[in-house]
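Line order of the protein sequences matches chains A and B. Residue numbering for the first sequence follows our numbering, starting at 1 and increasing by one per position. Residue numbering for the second sequence follows our numbering, starting at 207 and increasing by one per position.
Protein chains: 2
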Amino acid sequence: MIKAYGSSTSGNCWKVATVLTLTNRPFQWIEIDSNAGGTRTPDYLALNPNGKVPIVQLEDGAVITESNAILAHFAEGTRLLPAPGLDRTRVMEWLFFEQYSHEPYIATARNWIAWKRVKDKHAAELPGMWDAGHKALAVMEQRLAKASYLAGNQLSIADLALYAYTHRAEEGEFDLARYSWLRAWLDRVSAEPGLTSLPAAKKAAQ
Amino acid sequence: MIKAYGSSTSGNCWKVATVLTLTNRPFQWIEIDSNAGGTRTPDYLALNPNGKVPIVQLEDGAVITESNAILAHFAEGTRLLPAPGLDRTRVMEWLFFEQYSHEPYIATARNWIAWKRVKDKHAAELPGMWDAGHKALAVMEQRLAKASYLAGNQLSIADLALYAYTHRAEEGEFDLARYSWLRAWLDRVSAEPGLTSLPAAKKAAQ
Chain A
1 MIKAYGSSTS GNCWKVATVL TLTNRPFQWI EIDSNAGGTR TPDYLALNPN
51 GKVPIVQLED GAVITESNAI LAHFAEGTRL LPAPGLDRTR VMEWLFFEQY
101 SHEPYIATAR NWIAWKRVKD KHAAELPGMW DAGHKALAVM EQRLAKASYL
151 AGNQLSIADL ALYAYTHRAE EGEFDLARYS WLRAWLDRVS AEPGLTSLPA
201 AKKAAQ
Chain B
207 MIKAYGSSTS GNCWKVATVL TLTNRPFQWI EIDSNAGGTR TPDYLALNPN
257 GKVPIVQLED GAVITESNAI LAHFAEGTRL LPAPGLDRTR VMEWLFFEQY
307 SHEPYIATAR NWIAWKRVKD KHAAELPGMW DAGHKALAVM EQRLAKASYL
357 AGNQLSIADL ALYAYTHRAE EGEFDLARYS WLRAWLDRVS AEPGLTSLPA
407 AKKAAQ
């Protein structure tokens, strides 16, 4: 059986469980706590020298790294990834956008504030994170004002990649009220059969 | 004719000129100075709402964003990108690695130190940039100790994506002396017919 190594609270890891579920592949989930050093052990580094979750191990032992490469791998040949050509390229644009212009801000602010609870420690950096994250959300809003999905006319791994952290962006203190098209898209994606949400962080004691 | 908009000193933009050249596609280069606001003009934002170089505009007006999506688009069907399956996934892993774990550190340190010449302003952040960049270079070294190319047994867009900033990493004060396999790979890639180097920064006055 396919093994997926990841942290259940990570949006990058959520992508893996979601694409395996939506493409009907049974898998075993192996929980790794990256905030507690679980990705820096010698055993884990032997699987992924870059020391990050998620990874997938195929039945023959081959390991696939990088959440968006995993999305593309398992989406190949399904409705979630168009055939090669401009339609596929539109999906790829969003996958790279997510890893470069979205995740580093939105996932990081969420992790600091809601999960690691080190907001005070990062007080100087957070305004820059919020600015950059809102730029990314505005780019998504501009697309979603014109179309129901990020790439093409139906759900693809572009939507899964961006849904991962956007649906918990408020945990990073990103107010989504101004993004009406984006919020409608969140509802649309969340209604997809088989799709689950990331766990919500417990509220910090006031 | 295809139009490529980019900054000649940017590794991300170098990727575009390189893949178009290696796949024998004539193109017109339109120089954009992103350090001087050239990506934030209304005309440019109409082409790429994310306000980044490079982009490519096809003959029918369609615009492709994200340097690694552009690499994959033009490499489709050539020796530079294997057919779908695990061999292609190996290429995709490196493309996402480059944008998440390599470029944000190696390209940024280079830009601050050698091109914008604002090393002093970023003195507090640079040690973290160097640490993270060396982690990425060490991951490449581990692969290149075992294989001549990053993915599979021949040149692919994985090599082009990583060569882009690695061959000028020393401008960001990354000492490559410790990475003998990586340096041999730089020589191997640089010997590819048609492949050029990024311009070297002028040395700052001492």
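For glycine and all other residues, C-beta sits at the position ideal for the given N, C-alpha and C.
Checklist entry - Name the chain A residues that come within less than 8 angstroms of residue 207(B), Cβ to Cβ? => result The CB of residue 207(B) never comes closer than 8 angstroms to any CB in chain A; the least such distance is about 18 angstroms.
Checklist entry - Mind pulling the chain B residues with CB within less than 8 angstroms of residue 129(A)? => result The contacting residues do not exist; residue 129(A) stays about 14 angstroms from chain B at best.
Next on the checklist: Using a Cβ-Cβ distance cut-off of 7 angstroms, determine whether residue 98(A) contacts chain B.
Outcome noted: Judged by the 7 angstroms Cβ criterion, residue 98(A) is not in contact with chain B.
Checklist entry - Are the beta-carbon atoms of residue 259(B) and residue 219(B) separated by less than 7 angstroms? => result yes
Item to check | Endpoints, beta strand (DSSP E) assigned at residue 5(A) | outcome: Where residue 5(A) is concerned, the enclosing beta strand (DSSP E) starts and stops at 2-6.
Checklist entry - What is the rounded straight-line gap between the Cα of residue 189(A) and the Cα of residue 180(A)? => result 14 angstroms
Next on the checklist: I believe residue 280(B) touches residue 231(B) by the beta-carbon criterion, under 8 angstroms. Please report the beta-carbon distance rounded to the nearest angstrom.
Outcome noted: Rounded to whole angstroms, the Cβ separation of residue 280(B) and residue 231(B) is 7 angstroms, and the two are in contact under 8 angstroms.
Checklist entry - If you count every other CB in all the chains shown that lies within 10 Å of the CB of residue 129(A), and 16 or more means buried, which is it? => result The residue in question, residue 129(A), is buried, as its Cβ has 16 or more Cβ neighbours within 10 Å.
Next on the checklist: Quick test of your reading: residue 217(B) and residue 406(B), contact by CB under 8 angstroms. State the CB separation rounded to the nearest angstrom.
Outcome noted: The pair is not a contact, with the Cβ atoms about 13 angstroms apart (cut-off 8 angstroms).
Next on the checklist: Considering just the uninterrupted stretch of the beta strand (DSSP E) at residue 271(B), what are its terminal residues?
Outcome noted: 269-271
Checklist entry - Can you find a C-beta in chain A that's less than 7 angstroms from the C-beta of residue 270(B)? => result yes
Next on the checklist: Considering Cα atoms alone, identify which of 375(B), 367(B) and 261(B) is closest to residue 287(B).
Outcome noted: 367(B)
Next on the checklist: Please give me, in chain order, every unbroken run of the alpha helix (DSSP H) with length at least 4 that falls completely inside the stretch 229-308 of chain B.
Outcome noted: 248-253, 273-281 and 292-303
Checklist entry - Can you name the residues of chain B whose CB is closer than 8 angstroms to the CB of residue 142(A)? => result Result: 255.
Checklist entry - Nearest-angstrom Cα distance between residue 209(B) and residue 403(B)? => result The alpha-carbon atoms of residue 209(B) and residue 403(B) are separated by roughly 20 angstroms.
Checklist entry - How about residue 137(A) and residue 143(A): do their beta carbons lie closer than 7 angstroms? => result no
Item to check | Short Cβ contact (7 angstroms threshold) for residue 299(B) with residue 65(A) | outcome: yes
Checklist entry - alpha helix (DSSP H) containing residue 394(B): first to last residue? => result 386-396
Item to check | Test: residue 290(B) CB closer than 7 angstroms to a CB of chain A | outcome: yes
Checklist entry - Which value, in whole angstroms, describes the spacing of the CA atoms of residue 159(A) and residue 243(B)? => result Cα to Cα, the separation comes out at about 30 angstroms.
Checklist entry - According to the neighbour-count rule (16 or more other Cβ atoms, all chains shown, within 10 Å of its Cβ), is residue 123(A) buried or exposed? => result It is exposed - the Cβ of residue 123(A) has fewer than 16 other Cβ atoms within 10 Å.
Next on the checklist: Is there a C-beta anywhere in chain A that falls below 7 angstroms from the one on residue 406(B)?
Outcome noted: It does not; no Cβ of chain A falls within 7 angstroms.
Item to check | Cβ neighbour criterion (16 or more within 10 Å) applied to residue 374(B) | outcome: buried
Item to check | DSSP state of residue 206(A) mapped onto helix, strand, coil | outcome: Low per-residue confidence applies at residue 206(A): pLDDT is 47, beneath 50, and the placement is therefore not dependable, though the value from the model is reported in the following sentence. Correct three-state label for residue 206(A): coil.
Next on the checklist: What would DSSP say about residue 21(A), mapped onto helix, strand or coil?
Outcome noted: Of the three classes helix, strand and coil, the one that applies to residue 21(A) here is helix, per DSSP.
Checklist entry - In three-state DSSP terms, what is residue 311(B)? => result helix
Checklist entry - Got a sec, what are the start and stop residues for the alpha helix (DSSP H) residue 349(B) sits in? => result 332-350
Checklist entry - Thinking C-beta only, is residue 56(A) closer than 7 angstroms to residue 70(A)? => result yes
Checklist entry - Using a C-beta to C-beta distance shorter than 8 angstroms, which residues of chain B count as neighbours of residue 34(A)? => result Result: empty, since nearest Cβ-Cβ is about 14 angstroms, beyond 8 angstroms.
Next on the checklist: What does the alpha-carbon distance come out to for the pair residue 400(B) and residue 388(B)?
Outcome noted: 21 angstroms
Item to check | Where the alpha helix (DSSP H) containing residue 160(A) begins and where it ends | outcome: 157-166
Checklist entry - Can residue 225(B) and residue 50(A) be called in contact, C-beta distance under 7 angstroms? => result no
Checklist entry - With 16 as the cutoff for other CB atoms within 10 Å, does residue 284(B) come out buried or exposed? => result exposed
Item to check | Assigned exposure category for residue 107(A) - 16 Cβ within 10 Å defines buried | outcome: Answer is buried; the Cβ neighbour count reaches 16.
Checklist entry - Any residues in the stretch 68-95 of chain A with a beta carbon nearer than 7 angstroms to a beta carbon of chain B? Which ones, in chain order? => result 68, 69, 72, 73, 76, 84, 86, 89, 92 and 93
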